[in-house]
Ligand SMILES: C[S@@+](CC[C@H](N)C(=O)[O-])C[C@H]1O[C@@H](n2cnc3c(N)ncnc32)[C@H](O)[C@@H]1O
């Protein structure tokens with residue numbers, strides 16, 4: 092769909108980085124909860140620099156080709172497209188990941204799952220020479236690649252049923268020298284027949300169909316967001332089959348919605364898990380629940 096671009100009037104068009112940031116911040120004010128941050132992220136990406144460098148370059152004139160792209164990007168943001176899809180990048184953990192509309196934009200909340208998984212893996216590696224880990228529904232590869240970037244002597248397999256998502260995950264992996272993740276296409280445990288792990292992690296879709304927040308997430312793949320009428324279909328499927336793919340003593344960690352911790356604890360109990368616990372994310376929401384196979 093062609094995007095109508097509302098260019099600043101020539102007589103008022105500013106020229107330097109600081110002026111364009113001020114213009115974009117004002118233009119986004121009615122369309123974003125974070126207009127200044129969005130304006131900065133868009134321009135920093137166009138200039139291939141970070142926030143610190145952007146501020147140091149505040150008096151630099153923007154060349155016209157960049158101005159045209161910046162104005163077009165601001166227009167896309169005004170229509171509601173997330174900054175990550177416009178810039179094709181999202182920071183997660185220590186990584187700068189490629190994203191497109193085939194993958195969920197990795198969220199800071201998911202770093203709670205990464206931190207917990209790292210604790211478990213590092214604890215085990217004090218006594219064991221190796222550790223096997225699976226990430227189900229890897230999307231951009233965020234969780235698997237964050238873990239792989241931190242751990243040595245760990246075999247990591249990551250699955251997704253979306254071939255387009257796996258293409259992005261593989262692209263992200265290729266940009267990380269020394270990081271080794273095996274990506275496999277298929278639904279949850281279906282491509283992992285006969286394999287078992289010390290730790291299984293997943294951030295599956297967990298929003299209920301019809302949830303009122305979905306329109307605000309319309310740019311992200313529906314299949315990465317929703318999971319049945321109560322949002323628990325994927326969490327049910329994964330907990331039901333996880334024990335068969337865990338070593339004795341192995342752990343399962345699941346990200347879920349802020350109001351789903353009780354339901355996920357019951358799913359884990361019913362599947363025979365012990366040592367069930369829930370952790371909160373940085374916002375204080377109950378976000379990740381895990382258990383251990385006896
Ligand atoms: C909430 S996104 C999480 C993506 C990524 N792990 C992250 O944390 O940013 C859920 C992912 O699960 C994948 N997915 C949905 N249903 C699936 C299924 N039946 N089997 C495997 N993957 C599935 C989606 O394609 C999507 O990439």
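In our numbering, the protein residues as written are 92 to 385. Where a beta carbon is used, it is the ideal one built from N, C-alpha and C, also for glycine.
- DSSP places residue 312 outside any alpha helix (DSSP H), giving it a letter other than H or E.
- When Cβ pairs closer than 8 Å are counted between the two stretches, the segment 116-131 is seen to touch the segment 169-184, the count reaching three or more.
- With a contact defined as Cβ atoms closer than 8 Å, residue 184 and residue 202 qualify at about 6 Å.
- Separation of residue 142 and residue 134 (C-alpha to C-alpha, rounded to the nearest whole angstrom) is 9 Å.
- Per DSSP, reduced to three states, the secondary structure at residue 181 is strand.
- Judged by DSSP secondary structure, residue 290 falls within the beta strand (DSSP E) whose first and last residues are 288-293.
- DSSP places residue 363 outside both helix and strand once states are collapsed to three, so it counts as coil.
- Boundaries around residue 131 are those of the alpha helix (DSSP H), 126-137, since no beta strand (DSSP E) includes it.
- Put simply, the segment 319-337 touches the segment 283-293. At least three CB pairs are less than 8 Å apart.
- In the three-state DSSP reduction, residue 268 falls in the coil class, being neither helix nor strand.
- Taken from the Cβ of residue 251, at least one heavy atom of ligand 1 lies inside 7 Å.
- The bridge partners DSSP lists for residue 337 are 288.
- The residue from 128, 213 and 229 with its alpha-carbon nearest to that of residue 345 is 229.
- DSSP places residue 229 outside both helix and strand once states are collapsed to three, so it counts as coil.
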